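Notes to accompany the following structure.
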């Protein structure tokens with residue numbers, strides 16, 4: 001059976017509507033959302049209410065968490081001073097706009113969802129703020145999936161969709177100074193695991209303005225990355241009219257933001 | 272020239288043990304640094320005398336460089352130095368009496384100093400941490416999955432991780448192996464191969480059991496303070 005995974009909606013209603021419409025057209029009725037319903041975009045209430053109305057299973061993203069708990073993430077959340085300043089402006093604006101009911105909904109979201117051997121998180125099993133980038137250290141990536149007890153880990157947060165298969169792994173170890181006699185050596189064979197990043201519906205950063213999401217077939221484990229065009233201009237205009245930083249509109253209209261590349265994929269936020 | 276580090280942990284207020292370690296080190300060639308990897312305090316005894324000694328070394332003592340450990344984390348959390356967090360891990364594992372005993376074991380005059388201690392040190396290509404880069408309570412042993420050990424090393428980008436939380440003494444080397452991965456995105460597919468770097472995790476022990484590390488030869492020596500029978504054949508004199 002096919003199911004769809006969406007992430008990082010970022011209060012972009014035209015993008016969310018277009019993606020849900022695309023999923024509906026394929027007859028897929030199981031949708032999982034990996035969080036970040038709000039932040040950066042101009043329609044936080046509308047997006048939260050649409051997800052609630054559709055009853056889409058959702059886990060909490062870093063923006064959803066910060067709106068509820070306040071901005072107390074460590075410096076890893078933003079790659080530069082200017083990005084941090086813009087992020088704080090968007091945080092304050094979103095906090096002012098969101099209704100109490102919608103904030104309660106965001107507060108109620110779990111940090112992860114699990115269906116059998118499939119695990120769904122926003123950033124990583126460790127933290128909503130941790131980036132699992134496509135080229136991060138392969139052993140560290142495998143550790144995230146294996147320690148969480150999953151076969152396939154679905155995540156978002158990077159805004160770059162990808163499927164990464166980790167296989168044929170092994171680690172040889174040797175005990176020096178063994179208490180009882182000779183040093184021992186052994187080899188651990190690592191299991192095959194997969195990480196699927198759903199990209200971003202509301203703020204793509206993969207080099208195109210199209211929204212992205214993924215479809216996973218739980219019988220074959222095939223994953224398809226989907227791109228959906230939407231009315232970017234409508235969202236950009238709403239961003240400017242709302243008084244949000246114009247660079248958010250620029251970013252949407254390019255599908256890329258150089259300054260927003262996370263550099264340290266292995267860092268875990270120690271909030 | 273021989274250059275060695277001494278690594279100690281789990282003193283938990285035991286001044287007598289610390290004194291034995293210092294006496295050992297005075298008789299040992301080449302020890303240039305003493306690292307105390309946390310658990311300076313504990314609930315079993317009053318810790319003030321040991322803390323006084325660590326903060327104000329005696330003449331002839333090797334000056335200790337200290338970091339905080341799991342017990343300090345519990346104490347500082349309960350005393351309000353960790354925001355809204357309390358000593359929940361201690362309360363859950365050992366109960367309310369242990370929390371009270373810990374509070375009574377340390378004079379509040381030491382709290383600011385304890386709160387100023389770092390999470391860990393990076394020296395050369397070595398990380399010196401009570402637990403691991405993941406958490407002060409991370410309990411790494413020679414039985415821990417090598418995948419987890421490699422992850423803890425990778426997070427810090429170091430070749431050696433000295434850890435104390437388990438109280439065990441071990442030196443586990445990652446000697447080889449590799450992994451293949453395939454990334455598929457909207458631009459297509461690409462294959463990657465990665466090898467396991469040669470790295471080590473070293474458990475330094477606790478209390479009387481401490482470790483010497485020869486930084487030139489990358490050898491560890493597991494010792495017991497005050498013991499007249501530190502074994503020959505482990506390279507230590």
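Chains as they are written, first to last, in the numbering used here: chain A, 1 to 271; chain B, 272 to 508.
A virtual CB, placed ideally from N, CA and C, is assigned to each residue, including glycine.
Here the structure is a predicted model, which means the values were calculated and not measured.
Just the C-alpha distance for residue 339 of chain B and residue 456 of chain B, rounded to the nearest angstrom, thanks. 44 Å
- Query: At which residue ranges does the stretch 111 to 172 of chain A contain complete alpha helix (DSSP H) runs of 4 or more residues, listed in the order of the chain?
  - Reply: 138 to 147
Selected residue, minimal CA-CA separation from residue 513 of chain B, among B:496, B:361, B:346, B:305: Residue 513 of chain B is absent from the model: chain B starts at 272 and stops at 508.
task = Below 6 Å CB to CB, which residues in the same chain sit around residue 462 of chain B once its five sequence neighbours on both sides are set aside?
result = 453
Query - Residues that residue 425 of chain B contacts on chain A, provided the C-beta gap is smaller than 9 Å - result: 137, 139, 140, 143, 266
task: Keeping to the same chain, check which residues put their C-beta closer than 7 Å to that of residue 247 of chain A; ignore five residues upstream and five downstream.
output: 86
- Query: Mapping DSSP to helix, strand and coil, what is residue 104 of chain A?
  - Reply: helix
Check: Can you tell me whether residue 384 of chain B is buried or exposed, with buried defined as 16 or more other CB within 10 angstroms of its CB?
Finding: exposed
> If you compare alpha carbons, which of A:102, A:70, A:28 is closest to residue 53 of chain A?
Replying inline: A:102
Return the Cβ separation of residue 198 of chain A and residue 5 of chain A in integer angstroms, given the expectation that the two are a contact with Cβ distance under 8 Å. 5 Å
Please report how far the alpha carbon of residue 171 of chain A lies from the alpha carbon of residue 343 of chain B, in whole angstroms. 34 Å
- Query: So is residue 132 of chain A buried or exposed if we call it buried at 16+ other beta carbons inside 10 Å?
  - Reply: buried
Margin query: Counting C-beta neighbours from all protein chains within 10 Å, is the total for residue 136 of chain A 16 or more, i.e. buried, or is it exposed?
Written below: buried
Problem set entry | Cα-Cα separation between residue 75 of chain A and residue 317 of chain B, rounded to whole angstroms | For residue 75 of chain A, the pLDDT reaches just 47, beneath the cut-off of 50, and the residue's location in the model is therefore unreliable, although a value from the coordinates is still provided. Each residue's Cα considered, the two are about 38 Å apart.
Under DSSP, the alpha helix (DSSP H) around residue 226 of chain A begins and ends at which residues?
No alpha helix (DSSP H) contains residue 226 of chain A, which is instead part of the beta strand (DSSP E) from 223 to 228.
DSSP on residue 460 of chain B, reduced to helix/strand/coil? strand
(Q) For residue 442 of chain B, list the residues DSSP reports as bridge partners. (A) A:176, B:473
#### Entry: Presumed contact (8 Å Cβ cut-off) between residue 434 of chain B and residue 174 of chain A, rounded CB distance
Contact flag wrong, Cβ pair sits at about 18 Å.
**Request:** Could you spell out where the beta strand (DSSP E) holding residue 2 of chain A opens and where it closes?
**Result:** 2 to 6
N-terminal and C-terminal residue of the beta strand (DSSP E) that residue 397 of chain B is part of
397 to 400
Using only the alpha-carbon positions, how far apart do residue 341 of chain B and residue 437 of chain B sit? 11 Å
- Spell out whether any CB of chain B is found under 8 Å from the CB atom of residue 125 of chain A. no
Assign residue 444 of chain B to one of two classes, buried (16 or more other C-beta atoms within 10 Å of its C-beta) or exposed (fewer than that).
buried
Subject >> residue 482 of chain B in three-state terms, based on DSSP >> reply: strand
Would you kindly work out how many angstroms separate the C-alpha atoms of residue 228 of chain A and residue 242 of chain A, rounded to a whole number? 25 Å
Hey, how far is the Cα of residue 244 of chain A from the Cα of residue 415 of chain B? 48 Å
**Message:** Please list, in chain order, the residues of the stretch 153 to 173 of chain A that have any C-beta partner in chain B closer than 9 Å.
**Reply:** 160, 161, 162, 163, 164, 165, 166, 167, 168, 169, 170, 171, 172, 173
Per the DSSP calculation, residue 452 of chain B is bridged to which residue(s)?
A:166, B:463
Exercise for review: Drop a sphere of 10 angstroms on the beta-carbon of residue 124 of chain A, count the other beta-carbons inside from all chains shown, and report buried for 16 or more, exposed for fewer.
Suggested key: buried
Practice problem: Provide the residue span of the beta strand (DSSP E) that contains residue 216 of chain A, from first to last. | Solution: 211 to 217
Checklist line | Inter-residue Cα distance where the pair is residue 353 of chain B and residue 390 of chain B | finding: 13 Å
### Query
Given a threshold of 16 other Cβ atoms within 10 Å of its Cβ, counted over all protein chains shown, does residue 22 of chain A qualify as buried or as exposed?
buried
* According to the neighbour-count rule (16 or more other Cβ atoms, all chains shown, within 10 Å of its Cβ), is residue 157 of chain A buried or exposed? -> buried
- Run down chain B in chain order and give the residues with a C-beta less than 9 Å from the C-beta of residue 175 of chain A. 413, 441, 442, 443, 444
Checklist line | Nonlocal neighbours in the same chain, by C-beta distance under 7 Å from residue 324 of chain B, ignoring five residues either side | finding: 286, 289
Next on the checklist: Between residue 188 of chain A and chain B, is any beta-carbon pair separated by less than 8 Å?
Outcome noted: yes
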